[in-house]
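To get this note's numbering, take the position in the sequence shown, counting from 1, and add 184. First the structure, in the form of structure tokens, and then the observations on it.
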Amino acid sequence: MNITHLPLNAIRAFLVSAKHLNFTKAAVELCVTQAAVSQQVKMLESQLGVSLFIRQSRGLNLSEEGMMLLPVVQGAFDNLSEALDMLAQGIHREVVSVGVVGTFAVNWLLPRIADFQARYPLIDLRISTNNNTADPVAEGLDYLIRFGKGSWHATEATELFPAPFTVLCPPGIGQALSSPRDVLNYTLLRSYQPDEWQLWLNEAKVAVPKAKLSAIVFDSSIAMIETAIQGYGVALAPPVMFERLLMEEKLVQPFDIYLHKGSYWLTKLHAQKESQAQINFKQWLLACANEASSTSV
Numbered sequence: 185m186n187i188t189h190l191p192l193n194a195i196r197a198f199l200v201s202a203k204h205l206n207f208t209k210a211a212v213e214l215c216v217t218q219a220a221v222s223q224q225v226k227m228l229e230s231q232l233g234v235s236l237f238i239r240q241s242r243g244l245n246l247s248e249e250g251m252m253l254l255p256v257v258q259g260a261f262d263n264l265s266e267a268l269d270m271l272a273q274g275i276h277r278e279v280v281s282v283g284v285v286g287t288f289a290v291n292w293l294l295p296r297i298a299d300f301q302a303r304y305p306l307i308d309l310r311i312s313t314n315n316n317t318a319d320p321v322a323e324g325l326d327y328l329i330r331f332g333k334g335s336w337h338a339t340e341a342t343e344l345f346p347a348p349f350t351v352l353c354p355p356g357i358g359q360a361l362s363s364p365r366d367v368l369n370y371t372l373l374r375s376y377q378p379d380e381w382q383l384w385l386n387e388a389k390v391a392v393p394k395a396k397l398s399a400i401v402f403d404s405s406i407a408m409i410e411t412a413i414q415g416y417g418v419a420l421a422p423p424v425m426f427e428r429l430l431m432e433e434k435l436v437q438p439f440d441i442y443l444h445k446g447s448y449w450l451t452k453l454h455a456q457k458e459s460q461a462q463i464n465f466k467q468w469l470l471a472c473a474n475e476a477s478s479t480s481v
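In structure tokens form, the structure reads like this:
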């Protein structure tokens, strides 16, 4: 049914009548006659082809169709009322939904959220974390912040900054690592990608032993780093994501040898048009990324 053909006054008459279960009381609230309310409801019922009320001598009861329709109409009017009140007060809030790799969300984005809120107090951010995989359509996301090479199907990707991997470990272990080969004396902590340590060892010019490397695999870099801090091994992770822990000397970076696996990207579907709120978030995020990159140089 084309809802543009439904009369708003008739829908409002139904809503108020359902509230009172009495046409006379509904008429008083609407400042019209009882006959006008009854006629409006009958008009709506005629257009819908159903009876919304069961008319009885002592008043009204909602029919099954009326009970189904009532919460929908009530919700629509409540939302409309709230929006009109906000407009009358000069307030207009918008929502930007962002899916974020968990490590990026906790260690990089969240510490900067207060700045975004101060700059854009009428934009609400909705942040959901993931392990670098998400469906923007199914999850209703405006943007995805991902790690990778920047190529995803039907997706526009804007690079935020590269995030090369290197060895991170607690100071006690760091003091014992006089050369890259020494990491083989410890349990190697890594993500679910099996070749990370082998590739880093290649960069470090260390021959990879034929025996299987002793490793613990994590689906979260945050959990992996916490394990390293507790002294259970050495981690391979991007130091740009753990700057605070490095500054607090809970972690150290013993070598300036990097495995370049990719960058963090702000992505959206090509077909998706951006609202002004989304553009504001994008511009703010890129400015923060540029500032962070300039500071780290």
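For glycine and all other residues, C-beta sits at the position ideal for the given N, C-alpha and C. This structure is a prediction, so every number in the text was calculated from the model and none was measured.
### Task
Give me the Cα-Cα distance between residue 312 and residue 297, rounded to the nearest whole angstrom.
On the sequence shown, residue 312 is found 128 positions in, with the first residue counted as 1. On the sequence shown, residue 297 is found 113 positions in, with the first residue counted as 1. The alpha-carbon atoms of residue 312 and residue 297 are separated by roughly 14 Å.
### Query
How should residue 217 be labelled, buried or exposed, when 16 other C-beta atoms within 10 angstroms of its C-beta is the threshold for buried?
Within the sequence shown, numbered from 1, the residue matching residue 217 stands at position 33. Answer is exposed; the Cβ neighbour count stays below 16.
### Query
So, helix, strand or coil for residue 283, using DSSP?
By one-based count along the sequence shown, residue 283 stands at place 99. It is a strand residue.
### Message
One question on the structure: do residue 348 and residue 438 come within less than 8 Å of each other, judged by their Cβ atoms?
### Response
Counting from 1 along the sequence shown, the entry for residue 348 is found at position 164. Counting from 1 along the sequence shown, the entry for residue 438 is found at position 254. Against a cut-off of 8 Å, the Cβ pair of residue 438 and residue 348 comes out as no contact.
### Message
Going by DSSP, what residue range makes up the beta strand (DSSP E) through residue 432?
### Response
Sequence index remark: in the sequence shown, residue 432 carries index 248 (1-based). Looking at the DSSP string, residue 432 is not in any beta strand (DSSP E), and its letter there is neither H nor E.
#### Entry: Local conformation of residue 441 per DSSP, three classes
In the sequence shown, the residue the question calls residue 441 occupies position 257. Residue 441: coil per DSSP, three-state reduction.
### Message
Spatial neighbours of residue 228 within its chain, please: C-beta separation below 6 Å, excluding the five flanking residues on both sides.
### Response
The residue you call residue 228 lines up with position 44 of the sequence shown. Cβ neighbours of residue 228 beyond the five flanking positions: 194, 198.
#### Entry: C-alpha distance - residue 443 paired with residue 290, whole-angstrom precision
The residue given as residue 443 occupies position 259 in the sequence shown. The residue given as residue 290 occupies position 106 in the sequence shown. Cα-Cα distance, rounded: 22 Å.
### N- and C-terminal bounds of the beta strand (DSSP E) containing residue 345
Within the sequence shown, the letter at position 161 stands for residue 345. From DSSP, the beta strand (DSSP E) with residue 345 extends over 339-346.
### Supposed close pair residue 365, residue 420 - CB separation, criterion 8 Å
Numbered from its first residue, the sequence shown carries residue 365 at position 181. Numbered from its first residue, the sequence shown carries residue 420 at position 236. 15 Å between Cβ atoms; not a contact.
### Message
Assuming residue 294 is part of the alpha helix (DSSP H), what are its boundary residues?
### Response
Position 110 of the sequence shown holds residue 294. It is not in any alpha helix (DSSP H) - residue 294 carries neither H nor E in the DSSP assignment.
### Message
I need the boundaries of the beta strand (DSSP E) containing residue 449, first residue and last residue.
### Response
In the sequence shown, counting from the first residue as 1, residue 449 sits at position 265. Counting along the chain, the beta strand (DSSP E) containing residue 449 begins and ends at 447-453.
### Nearest neighbour of residue 355, chosen from 461, 431, 247, 276 [CA to CA]
Looking up residue 355 in the sequence shown gives position 171. Comparing Cα positions, the closest option is 431.
### Rounded straight-line distance, which links the Cα of residue 333 to that of residue 481
Position 297 of the sequence shown, counting from 1, holds the residue named residue 481. Position 149 of the sequence shown, counting from 1, holds the residue named residue 333. At residue 481, the pLDDT of 44 sits below 50, so the modelled position is not reliable; the number obtained from the coordinates is stated separately. Straight-line Cα distance between these residues: approximately 22 Å.
### Query
When you compare only the Cα positions, how much space is there between residue 463 and residue 474?
Walking along the sequence shown from the start, residue 463 turns up at place 279. Walking along the sequence shown from the start, residue 474 turns up at place 290. Their backbone Cα atoms lie some 16 Å apart in a straight line.
### Query
How is the beta strand (DSSP E) around residue 332 delimited, first residue to last?
The residue you call residue 332 lines up with position 148 of the sequence shown. Per DSSP, residue 332 belongs to the beta strand (DSSP E) from 327-332.
### Query
Which residue's Cα is closest to the Cα of residue 317: 284, 370, 447?
Here residue 317 refers to the residue found at position 133 of the sequence shown. Checking every option, the nearest Cα to that of residue 317 belongs to 284.
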